[in-house]
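Contents: one structure, followed by commentary.
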Amino acid sequence: ETVAAGRGQRDEKGERDQWESSEHLKDRFDSRRPISSRVQSLLNKYGLDCRECDHAQAVAKINAFMQEAKDEATRREQRKAALERAAIWATLIAGALGALVL
1 ETVAAGRGQR DEKGERDQWE SSEHLKDRFD SRRPISSRVQ SLLNKYGLDC RECDHAQAVA
61 KINAFMQEAK DEATRREQRK AALERAAIWA TLIAGALGAL VL
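As structure tokens, this is what we get:
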């Protein structure tokens, strides 16, 4: 009785119709998390385009943009400091040469 109840509509052993179905085999379901409104507003604020991105990819893109901006600011400050040092050295050398000429 228990075995018969487990078999459902079939009387003999074999594969169940759910198992022999090939429906949804090799299909790809999109399980990516959609971009949140906060992340979307950051994308818009920084002018970044991420049309085919999920939430994680959009966050990674924003983080990369911010890191690049920080690196660029650091390089700009280093260049400015180097130019200031060069100007100081040029002034010192010009003063020393002027003293030697007199």
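Residues in the sequence shown are numbered from 1 upward in steps of one, following full-length UniProt numbering.
Beta carbons: idealized from backbone N, C-alpha and C, even for Gly.
Since the model is a prediction, treat every value here as computed from it, not as a measurement.
Q) Just the Cα atoms here: how many angstroms apart are residue 51 and residue 74? A) The residue you call residue 51 lines up with position 51 of the sequence shown. The residue you call residue 74 lines up with position 74 of the sequence shown. Near 30 Å, if we compare the C-alpha coordinates of residue 74 and residue 51.
Q. How about residue 42 and residue 62: are their beta carbons less than 8 Å apart?
A. In the sequence shown, counting from the first residue as 1, residue 42 sits at position 42. In the sequence shown, counting from the first residue as 1, residue 62 sits at position 62. A contact, by the Cβ cut-off of 8 Å.
Q. Closest by CA to residue 36, which one among 101, 54 and 77?
A. As a first step, residue 36 is located in the sequence shown; it is residue number 36 there, counting from the start. Of the candidates 101, 54 and 77, the one whose C-alpha sits nearest the C-alpha of residue 36 is 54.
Q.
Short of 6 Å in beta carbon distance, which residues of its chain neighbour residue 46, apart from the five on each side in sequence? Order them along the chain.
A. Position 46 of the sequence shown holds residue 46. Around residue 46: 65.
Q) What are the start and end residues of the alpha helix (DSSP H) that includes residue 79? A) If you number the sequence shown from 1, residue 79 lands on position 79. Run containing residue 79: 55–101, per the alpha helix (DSSP H) assignment.
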